[in-house]
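If you're matching positions, the sequence shown starts at 45 in this note's numbering and goes up one per residue.
Note that beta-carbon positions come from the ideal geometry of N, C-alpha and C, so glycine has one too.
This report concerns only the one structure given below.
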Amino acid sequence: MITGGAGYIGSWVVRRQLAAGNRVVVYDNLMYGGKSLIGVLGHPNLQLVQGDVRDPAALAEAMRGVDNVVHLAAIVGEAACDKSPEDTRAINFGGTQNVAIAARQNHVQRMVFFSTCSSYGVQDTSQLADENTQLNPVSLYAETKIDSEKFLLDSSDGSMAQTIFRPATVHGASARMRFDLIVNHFVRDAYATGKLMIFAPEMWRPLIWVGDPAQAIELALAAEDKIIRDQIFNLGASESNYRKGEIGEIIKEKFIPNLEVEYRNTDSDTRSYRVDFSKIRDSLGFSSSKTLEQAIGDVYQSLSSGMIQDPFDQEYRND
């Protein structure tokens, strides 16, 4: 089962699991629509259940016969979470509780939960934050993910192997496209206006191509129990920590030479963190399959080819 399987990351995960020959149950409330799954509708191994993670009975019913659960469903992003804090807590934290309880009731073997690297918040960027670094959330989104992590680990009863991923900031093209993520909206603004405003260009972000979480899930589900049980992994690659200004430089140098880039030294988003991803590399053999430049190229092509007509449409945002 993949909760949130119609989403930005989820639609990649669904395709990779189907390609591997697995039976896939997508559990999604389709709050952003379901067009991302049109290309796999009718696949003999795909079952689509429109359901809400706040509904324990529906979750338990849909999870019958499921071996593994990948829990992606959430209100994602600071702006989207701040619009409705009550719903955010009910979905992100309460929903995770419901998924875990239903999974244990249905004797699920393994559960992979997606948390966030945003939990590191503001850190000393002279040091890489590893899985044991003190968390410093600066958003409701990160707080709900930290609370979910704590619940999963504290309530673990040994019946199900749980793995927690803290992914870097995702970017790149997806069947459920988003332009409210830093790399994608930089490319959109640069392409559409020929100008790019970068706030606090020296601040750091770890980045990961949107298709790579699907690879990490595959590795975790195939790994020995002792490697992944009740473990937290930062999800990304250590070479993919970038300053915000460096993202703009790639866009200008490789894709839009006439781009006018303006910098402002302050940003209301105070997050700045560099992350150590050596644990997932050494334990699961994870490595990036696409560079930042390649992923930027995909997003640029989606715009320059006319594939996406209006990247400013609300359809491409979570907030």
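- In this chain, the alpha helix (DSSP H) harbouring His229 covers Ile226 to Thr237.
- If you check the CB distance, Glu337 and Ile294 come in under 8 Å.
- Taking the CA atoms as reference points, Arg222 sits about 8 Å from His229.
- Annotated three-state conformation of Val214 is strand, per DSSP.
- With contacts defined as CB atoms closer than 8 Å, Pro250 and Cys161 qualify as a contacting pair.
- For Asn285, the CB contacts under 7 Å within the same chain, skipping 5 residues up- and downstream, are Trp248, Pro250, Arg318 and Val319 in chain order.
- By the beta-carbon neighbour count (other beta carbons within 10 angstroms, threshold 16), Phe137 is buried.
- Minimum Cα-Cα distance from Glu268 among the listed residues Tyr71, Met107, Gln153 and Thr47 corresponds to Gln153.
- Residue range Asn112 to His115 is occupied by the beta strand (DSSP E) that includes Asn112.
- Annotated three-state conformation of Asp274 is coil, per DSSP.
- Rounded to the nearest angstrom, the Cβ distance from Arg232 to Leu303 is 13 Å, too far for a contact under 8 Å.
- In chain order, Ala173, Thr177, Leu179, Asn180, Tyr317 and Val319 place their CB closer than 7 Å to the CB of Tyr164, counting only its own chain and leaving out the 5 sequence neighbours on each side.
- Val69 has its alpha-carbon roughly 12 Å from the corresponding atom of Glu105.
- When the five nearest sequence neighbours on each side are left out, the beta carbons in the same chain lying within less than 7 Å of the beta carbon of Pro211 are those of Phe158, Thr160, Cys161, Ile252, Pro257, Leu279 and Gly280, in order along the chain.
- Between the C-alpha atoms of Ile324 and Ser312 there is a straight-line separation of about 31 Å.
- The beta carbon of Asn142 is closer than 6 Å to those of Val97, Pro100 and Leu103 in its chain, skipping five residues each way along the sequence.
- A distance below 8 Å between beta-carbons, with the five flanking residues on each side excluded, links Glu187 to the following residues of its chain, in chain order: Pro181.
- Taking C-beta atoms as the reference points, Tyr235 and Ile300 count as a pair closer than 8 Å.
- About 6 Å separates the beta carbons of Arg220 and Ala50, which is inside the 8 Å limit, making them a contact pair.
- One Cα belongs to Asp357, the other to Leu184, and the distance between them is close to 25 Å.
- In this structure, Ala264 sits near Thr207, with a CB-CB distance shorter than 8 Å.
- For Ser282 against Phe321, the beta-carbon gap comes to about 5 Å, under 8 Å, which counts as contact.
- Excluding the 5 residues flanking it on each side, Asp131 has same chain C-beta neighbours closer than 7 Å at Ile119, in chain order.
- Taking a C-beta distance under 8 Å as the contact criterion, Gly54 and Leu116 qualify as a contact pair.
- Distance check between Ile272 and each of Asp326, Arg108 and Ile135 places Asp326 closest, using alpha-carbon atoms only.
- The C-alpha of Gly350 lies about 36 Å from the C-alpha of Val113.
- For Phe195, the uninterrupted alpha helix (DSSP H) run begins and ends at Leu184 to Asp198, by DSSP.
- Of the candidates Ala244, Gly109, Lys296 and Phe209, Phe209 places its Cα closest to the Cα of Ala260.
- Note on the region 75–118: whole beta strand (DSSP E) runs with a minimum of 3 residues are 90–94 and 112–115, in chain order.
- Here DSSP, grouped into helix, strand and coil, assigns Val143 to helix.
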